[in-house]
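The structure appears below as structure tokens.
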Amino acid sequence: MSKDETLGEALRRQGISRRGFLKFCAATASLMALPPGMVPAIAAALEKARRPSVIWLSFQECTGCTESLTRSHSPTVEGLIFDTISLDYHHTLQAASGTAAEAAREAAMEENYGKYILVVDGSIPLGNPGFSTIAGISNKNMLLDTAKGAAAIISVGTCAAYGGIPHAKPNPTGAVPVSELIKDKPIINIPGCPPIPVVITGVLAHFLTFGTIPELDELGRPMAFYGNSIHDRCYRRPFYDKGLFAETFDDEGAKKGWCLYKLGCKGPTTYNACATTKWNEGTSFPIEAGHPCLGCSQPDFWDGGGFYKALSMPTEDITRTAVYAVGAGAAAGVALGALNRAKKKRIEKAHEKVTINDLEKGD
Amino acid sequence: MDTELLKVESGEDLTHNVQPLLHEIRHALVKLLDDGGNTVIDLRSLPLAPGEEQKLLDKLGQGEVYARLHALGPSEIVETRYPGVWVVVHFNYDNEVIGKFIEVCDMPRLLCSQQEDIRQGLEQLQTQLVWCNE
Amino acid sequence: MSEAELLLWVRGPALQIATAIFLLGVVVRLAEILMLGRKKDLAEARGSAVAGGLRTIFSRFVPDRGTLQRSTFNVVAGYIFHIGFFVVLFLFTPHILLFQDVLNVSWPSLPTPMVDATTIVTIIALLAVLAHRLQNPVMRFLSGFQDYLVWLVTILPLVTGYLAFHRIGAVPPPTLIAIHILSVELLMVIFPFTKLMHAFTFFMARYYNGAISGYRGVNS
Chain A
7 MSKDETLGEA LRRQGISRRG FLKFCAATAS LMALPPGMVP AIAAALEKAR
57 RPSVIWLSFQ ECTGCTESLT RSHSPTVEGL IFDTISLDYH HTLQAASGTA
107 AEAAREAAME ENYGKYILVV DGSIPLGNPG FSTIAGISNK NMLLDTAKGA
157 AAIISVGTCA AYGGIPHAKP NPTGAVPVSE LIKDKPIINI PGCPPIPVVI
207 TGVLAHFLTF GTIPELDELG RPMAFYGNSI HDRCYRRPFY DKGLFAETFD
257 DEGAKKGWCL YKLGCKGPTT YNACATTKWN EGTSFPIEAG HPCLGCSQPD
307 FWDGGGFYKA LSMPTEDITR TAVYAVGAGA AAGVALGALN RAKKKRIEKA
357 HEKVTINDLE KGD
Chain B
9 MDTELLKVES GEDLTHNVQP LLHEIRHALV KLLDDGGNTV IDLRSLPLAP
59 GEEQKLLDKL GQGEVYARLH ALGPSEIVET RYPGVWVVVH FNYDNEVIGK
109 FIEVCDMPRL LCSQQEDIRQ GLEQLQTQLV WCNE
Chain C
2 MSEAELLLWV RGPALQIATA IFLLGVVVRL AEILMLGRKK DLAEARGSAV
52 AGGLRTIFSR FVPDRGTLQR STFNVVAGYI FHIGFFVVLF LFTPHILLFQ
102 DVLNVSWPSL PTPMVDATTI VTIIALLAVL AHRLQNPVMR FLSGFQDYLV
152 WLVTILPLVT GYLAFHRIGA VPPPTLIAIH ILSVELLMVI FPFTKLMHAF
202 TFFMARYYNG AISGYRGVNS
């Protein structure tokens with residue numbers, strides 16, 4: 007597929023009719039969580055869109071993000087998007103390895119300098135850059151080097167966006183997110199553990215369609231997918247409002263689909279598209295399947311107080327502090343009380359009896 | 009360990025999404041009659057409880073038109089029992105749903121033949137006729 | 002600090018500090034009071050001090066007729082506020098879960114819509130109490146900084162809690178929740194240094210009065 011071809015030309019060359027193209031645009035609009043009324047604008051933009059070069063770097067990650075993305079490939083929409091982009095470098099998906107792969111990466115960087123999209127998954131260890139290397143190059147150096155000519159960086163997955171599980175206490179590798187190392191390039195965070203696949207392709211589709219970065223929230227996430235909390239879109243919300251909670255995973259409340267707040271649901275403080283876009287082409291999402299939300303698209307969700315502890319419960323051991331405070335208070339109180347009593351005795355002792363004779367003298 | 013599958017039933021109409029959606033469709037039909045304006049509702053953007061989408065589609069039912077598209081995978085376009093209210097479902101080649109819409113209009117635009125396709129078809133027909141003549 | 006970091010901080014380190022100050026302060030003050038001791042009554046006992054003390058703790062929950070007639074507003078508004086505050090703090094599911102985590106005990110909750118309505122009633126009672134304090138010349142004369150401070154740190158958790166539950170406000174919901182928890186931590190930290198201590202000392206005061214009278218064989 008020629009790099010200079012527009013998306014519209016590429017689709018027509020593949021024998022896709024205008025009708026097929028419109029269907030593609032409708033599905034893409036739905037994918038990008040845009041209102042259906044925008045389909046004509048999307049069609050017009052996609053007609054003229056050009057293939058961007060994409061370099062995908064995988065650092066300290068479990069490959070779950072790539073797996074999620076490739077498993078649920080819908081060959082029509084996401085596949086087309088991936089056919090449209092030129093995926094010039096990806097550890098898991100590429101056939102090449104070693105020096106050949108690195109040479110391919112460097113060639114793509116040079117050829118598209120200033121215009122390629124850099125996708126990163128996994129966190130970067132700073133404790134010792136040698137903790138995670140590719141072809142002998144540390145993650146940190148590869149990131150700094152590759153980011154120089156990137157038009158924008160997409161941090162896929164909570165690890166790249168916020169540090170993820172390596173960043174959880176006690177963070178033995180000194181893991182940091184991409185945003186902590188790169189300060190001079192636009193970064194889009196697509197957190198989630200893993201992120202919803204269509205969210206990843208939705209952001210790429212946005213690039214293709216509009217050539218710009220979508221509107222981001224204060225944590226760098228696209229508002230189209232992360233603009234609402236799970237709680238505000240959860241179909242079980244009426245049960246929360248009424249105070250009907252499941253107490254265990256198999257009690258009457260659970261069977262009736264009641265709210266999972268008591269079982270540790272982090273929906274109220276988690277922003278993602280799970281409740282509307284859902285997973286597996288809109289099949290379901292954790293709460294619908296009966297499991298409380300883990301909060302996996304939020305920073306430090308691993309240290310957020312336990313997956314099965316309710317949101318109103320503290321994240322640390324307060325009981326121990328309470329016991330120590332009471333103990334210390336008792337000791338201090340007794341000590342202070344003793345001091346008070348001593349003071350009282352001293353005052354009593356120092357009390358001088360005054361008689362009427364004393365008063366009359368020296369007048 | 010008890011391996012009996014737990015069935016979760018939707019609470020008795022405690023999540024009331026079907027009625028409001030039907031009202032939205034009603035408003036759209038009024039708009040269609042008034043000024044010919046079309047309305048499209050993306051069903052995948054709404055937080056529906058399990059079973060609610062089916063309930064809604066059951067209430068809309070099926071009318072006189074059923075069309076099956078074959079472009080980038082199959083699509084089904086059905087006019088519901090309420091004329092002007094269409095349900096459009098797009099599938100990919102693996103028969104996975106990639107889009108579900110309710111369109112309130114005379115006819116979903118996708119059913120019409122598209123100008124570019126007509127032009128392309130004309131070229132092909134002309135080529136065909138030239139061959140026949142030779 | 003980002004919204005996510007703030008929320009984690011108030012649920013973690015901030016709560017540790019607030020709990021430590023609160024419990025340390027309360028226990029120190031209670032211990033000091035107890036260590037002060039009581040003057041020994043040298044008369045012969047004519048009744049049971051303990052029985053009198055215990056009975057008075059509960060009998061004083063009913064206001065005496067004279068006070069009720071003279072200060073009807075204060076008594077009624079005060080009761081509404083205190084009962085409402087108790088209901089909102091101890092009978093709301095998310096709060097019960099918090100206590101369950103810290104104290105390992107749990108108890109039944111009230112339906113959420115009921116707690117929701119109670120919150121509004123309690124806030125109204127607090128506003129009425131403040132209005133009364135400002136309008137009544139005697140009360141206005143007697144009121145000092147601490148009176149208004151204590152009123153503020155009491156109403157803040159109620160208002161912020163209501164806003165957080167209903168997700169009303171210009172800031173994102175997680176920040177609303179963080180502000181609510183922060184307002185509670187403020188209350189906790191201020192508590193031992195103000196007259197809020199009455200929450201713990203009221204039963205001691207009632208007991209003392211009851212015991213004195215009970216020892217003498219009279220009703221208190």
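Same order as they appear, the protein sequences are chains A, B and C.
Quick note on this note's numbering: the first sequence kicks off at 7 and runs consecutively.
Quick note on this note's numbering: the second sequence kicks off at 9 and runs consecutively.
Quick note on this note's numbering: the third sequence kicks off at 2 and runs consecutively.
Cβ coordinates follow ideal geometry from the N, Cα and C atoms, glycine included.
Short of 8 Å in beta carbon distance, which residues of its chain neighbour residue i, apart from the five on each side in sequence? Order them along the chain.
{"i": "F62 (chain C)", "result": "none"}
{"i": "P228 (chain A)", "result": "I194, I196, V205, G208, V209, H212, P220, E221 and L222"}
{"i": "N100 (chain B)", "result": "L80, G81 and I106"}
Quick check on the DSSP output: the beta strand (DSSP E) that includes residue i runs from which residue to which?
{"i": "T47 (chain B)", "result": "T47 to D50"}
{"i": "D364 (chain A)", "result": "First-last for D364 (chain A): I362 to E366, but that is the alpha helix (DSSP H), not the beta strand (DSSP E)."}
Taking DSSP as the reference, what is the three-state secondary structure of residue i?
{"i": "L13 (chain A)", "result": "helix"}
{"i": "I156 (chain C)", "result": "helix"}
{"i": "S214 (chain C)", "result": "helix"}
{"i": "Y101 (chain B)", "result": "coil"}
{"i": "V125 (chain A)", "result": "strand"}
{"i": "L222 (chain A)", "result": "strand"}
{"i": "W108 (chain C)", "result": "coil"}
{"i": "S290 (chain A)", "result": "strand"}
{"i": "I143 (chain A)", "result": "strand"}
{"i": "K359 (chain A)", "result": "coil"}
{"i": "G310 (chain A)", "result": "coil"}
{"i": "F93 (chain C)", "result": "coil"}
{"i": "S96 (chain B)", "result": "For the sequence presented, residue 96 (chain B) should be read as Val rather than Ser. The answer is strand: DSSP assigns V96 (chain B) an E or B state."}
{"i": "S74 (chain A)", "result": "helix"}
{"i": "S318 (chain A)", "result": "coil"}
{"i": "M7 (chain A)", "result": "Low confidence applies here, because M7 (chain A) scores a pLDDT of 39, under 50, leaving its location unreliable; read the following figure in that light. Coil at M7 (chain A), not helix or strand."}
{"i": "S221 (chain C)", "result": "coil"}
{"i": "R141 (chain C)", "result": "helix"}
{"i": "T82 (chain A)", "result": "Residue placement at T82 (chain A) is poorly supported in this model, since its pLDDT is 47, which falls under 50; the coordinates still yield a value, given next. It is coil, neither helix nor strand."}
Name the DSSP beta bridge partners of residue i, please?
{"i": "I193 (chain A)", "result": "A:I159"}
{"i": "R76 (chain B)", "result": "B:E84"}
{"i": "H96 (chain A)", "result": "A:W62"}
{"i": "I84 (chain C)", "result": "Partner(s): none; I84 (chain C) has no beta bridge."}
{"i": "Y277 (chain A)", "result": "A:S235"}
{"i": "K108 (chain B)", "result": "B:V97"}
Looking at the unbroken alpha helix (DSSP H) that takes in residue i, where does it start and where does it end?
{"i": "W264 (chain A)", "result": "Element bounds for W264 (chain A): n/a, residue is neither H nor E."}
{"i": "S36 (chain A)", "result": "R24 to L37"}
{"i": "R117 (chain B)", "result": "Run containing R117 (chain B): none; DSSP gives neither H nor E here."}
{"i": "K284 (chain A)", "result": "Note, K284 (chain A): premise wrong, no alpha helix (DSSP H); not H, not E."}
{"i": "Q70 (chain C)", "result": "R66 to R71"}
{"i": "S185 (chain A)", "result": "V184 to L187"}
{"i": "D117 (chain C)", "result": "T113 to Q136"}
{"i": "M189 (chain C)", "result": "P174 to I191"}
{"i": "H212 (chain A)", "result": "P203 to F216"}
{"i": "Y246 (chain A)", "result": "R243 to K248"}
{"i": "V27 (chain C)", "result": "P14 to L37"}
{"i": "T57 (chain C)", "result": "A50 to S60"}
{"i": "A51 (chain A)", "result": "V45 to K54"}
Which same chain residues, not among the five before or five after residue i, have their C-beta less than 6 Å away from its C-beta?
{"i": "I180 (chain C)", "result": "T161"}
{"i": "F23 (chain C)", "result": "M189 and F192"}
{"i": "L7 (chain C)", "result": "A179"}
For residue i, which residues in the same chain have their Cβ closer than 7 Å to its Cβ, ignoring the five residues on either side in sequence?
{"i": "L51 (chain B)", "result": "E61, K108, F109 and I110"}
{"i": "G69 (chain B)", "result": "T88 and R89"}
{"i": "L29 (chain B)", "result": "L64"}
{"i": "V151 (chain C)", "result": "T195, K196 and L197"}
Residues of chain F with CB under 7 Å from residue i, in chain order?
{"i": "G301 (chain A)", "result": "Protein chains in the displayed structure are A, B and C, and chain F is not among them."}
Along the segment 33-47 of chain C, what residues have a CB closer than 8 Å to any CB found in chain A? Of all residues in the segment 33-47 of chain C, E33, L35, M36, L37 and G38 have a Cβ within less than 8 Å of some Cβ in chain A.
Contacting positions in the segment 83-109 of chain B - beta carbon closer than 9 Å to chain A: Listed in sequence order: S83, V96, H98, F99, N100, Y101, D102, E104, V105, I106, G107, K108 and F109.
Name, going along the chain, the residues of the segment 52-66 of chain B whose beta-carbon falls closer than 9 Å to a beta-carbon of chain A. Listed by position along the chain: R52, S53, L54, P55, L56, A57, P58 and E60.
For the segment 14-30 of chain A, list every residue whose C-beta sits within 7 Å of some C-beta in chain B, in sequence order. The segment 14-30 of chain A vs chain B, Cβ under 7 Å: I22, S23, R24, R25, G26, L28, K29 and F30.
The segment 321-349 of chain A: positions lying closer than 8 Å to chain C by Cβ: For the segment 321-349 of chain A, the set of positions with a beta-carbon nearer than 8 Å to some beta-carbon of chain C reads T321, E322, I324, T325, T327, A328, Y330, A331, V332, A334, G335, A336, A338, G339, V340, L342, G343, A344, N346 and R347 in chain order.
What residues in the segment 104-132 of chain C bring their beta carbon closer than 9 Å to a beta carbon of chain A? Listed by position along the chain: L104, N105, S110, L111, P112, T113, P114, M115, V116 and D117.
Using a beta-carbon distance cut-off of less than 7 Å, what residues from the segment 123-134 of chain B approach chain A? Only E124 and D125 from the segment 123-134 of chain B bring a Cβ to less than 7 Å from some Cβ of chain A.
For the segment 266-288 of chain A, enumerate the residues whose C-beta is nearer than 9 Å to any C-beta of chain B, in chain order. Residues of the segment 266-288 of chain A with a C-beta less than 9 Å from any C-beta of chain B: A281, T282, T283, K284, N286, E287 and G288, listed in chain order.
What are the residues in the segment 230-243 of chain A lying within 7 Å of chain B by C-beta distance? For the segment 230-243 of chain A, which is checked against every Cβ of chain B, the residues closer than 7 Å are R239, C240 and Y241.
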